[in-house]
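Residue numbers (our numbering): 124 to 382.
By construction, the Cβ of each residue, glycine as well, lies at the ideal position given by its N, Cα and C atoms.
Input: a single structure, listed below in structure tokens.
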Amino acid sequence: MKPRVTPIPIEIEFRRKGVFLMAFVGILFSVILVRLMYMQVIKGEYYTGLSRNNRIRIMGIRAPRGRILDRNGIVLADNRPSYDLIAIPKDITDIGRVATRLSRLIGLNAKETAEKIRKGLRKPYTPVYLDRDITFKKMARVETESYDLPGISIDPSTERDYVYKDLACHVLGFVGEISKKELDAHRGEGDYTIGDLIGKTGIELECEDTLRGKKGKKILEVDAIGRRQKVIEESIPTPGKDVMLTIDKRLQVIASDSL
């Protein structure tokens, strides 16, 4: 004879599951609370100490621009990895010496470089772009001499790549470094800063809001001469959206070849 199983009333079953759910929520809430306390109290004191010693730098991370495609999905404008040479004016005590050193190392114009850095002193923690899309040879020279170049660093980035060079260039347009006039015009509309790239003509200009994406951010700890030691926090940028045109790349090639 099989043992008799007494059914559990449904109210008791629900109550039991409710207790388990409440316990799980309570544990999850406790973990979040402990994490917040850690970030605000323990790490907060750590960050405050770094700030007092000017050991924290907040850097924007440029978002990859959206691609421009023809009607068949063929990529006309894309992005490729690149490296930029930047300066943090606040970390440079002798601007003239650093500019001269960079001139000897990688051939930059010392006078123009010094002028760029001095202008950047208006916002001393904002990166000043001294040279874009530098070669690996230049990058190696700068990295090798980094101990003698306070406030100078290499920043990974992306460069616009027009896959078929001048094909449909009048339609695609081009990007360039944002001007003061453009910066003023876009103030309050987005997170544009000095040194950003912006659409200047053609589709790059007309679809700027779609293509540009949203910047990320990283909080860096630096040493006494501004060299990066580690990334404390980082938020990933949101890439721009692709734009598909009505033009046909193959027909554009035929038209170009016939001229």
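According to DSSP, what are the bridge partners of residue i?
i	result
Gly339	Ile184
Asp278	Asp207
Thr249	Bridge partners of Thr249: none, in fact.
Do you know whose CA, among the options, lies nearest residue i's CA?
i	options	result
Ala347	Leu272, Arg255 and Leu295	Leu272
Arg373	Arg194, Tyr285 and Gly149	Arg194
Lys337	Ile150, Glu305 and Gly183	Gly183
Glu268	Thr249, Ile301, Arg227 and Gly299	Arg227
Thr223	Ala200, Ile275, Asn202 and Ile191	Ile275
Asp365	Asp332, Ile377, Ile301 and Gln375	Asp332
Val198	Arg264, Tyr285, Gly318 and Arg255	Tyr285
Arg185	Arg241, Gly318 and Gly219	Gly318
Arg178	Ile342, Cys292 and Arg283	Ile342
Asp214	Ala233, Ile240 and Ile191	Ile240
Lys353	Ile181, Ala233 and Val265	Ile181
Arg264	Glu282, Leu225 and Glu238	Leu225
Gly339	Thr258, Glu235, Glu357 and Asp256	Glu357
Ile211	Gly349, Ala378, Gln375 and Ile359	Gly349
Pro279	Thr258, Thr324 and Ile321	Thr258
Lys303	Met262, Lys242, Ser381 and Lys288	Lys242
Kindly indicate which three-state DSSP category residue i falls into: helix, strand or coil?
i	result
Arg175	In this prediction, Arg175 scores a pLDDT of 46, lower than 50, which makes its location untrustworthy; the coordinate-derived value is nonetheless stated afterwards. DSSP places Arg175 in helix when its eight states are reduced to three.
Thr258	coil
Thr369	coil
Leu334	helix
Thr267	helix
Asp201	strand
Ile155	helix
Leu192	strand
Thr236	helix
Leu374	helix
Ile131	With a pLDDT of 49 at Ile131, under the threshold of 50, the modelled position of that residue is not reliable, and the figure given next carries that caveat. Ile131 falls in the coil class under three-state DSSP.
Lys364	coil
Ala347	coil
Leu215	Inspection of the sequence shows that residue 215 is occupied by Ile rather than by Leu. In this structure, Ile215 counts as coil in the three-state DSSP scheme.
Asp380	helix
Could you give the residue range of the alpha helix (DSSP H) that holds residue i?
i	result
Lys353	No alpha helix (DSSP H) holds Lys353; the beta strand (DSSP E) holding it covers Arg351 to Ser358.
Arg245	No alpha helix (DSSP H) holds Arg245; DSSP gives it neither H nor E.
Arg220	Ile218 to Ile229
Leu328	Gly325 to Glu329
Please specify which runs of the beta strand (DSSP E), each continuous and at least 3 residues long, are wholly inside the stretch 280-322, giving them in chain order. Listed in chain order, the complete beta strand (DSSP E) runs (minimum 3 residues) inside the stretch 280-322 are 298-300 and 320-322.
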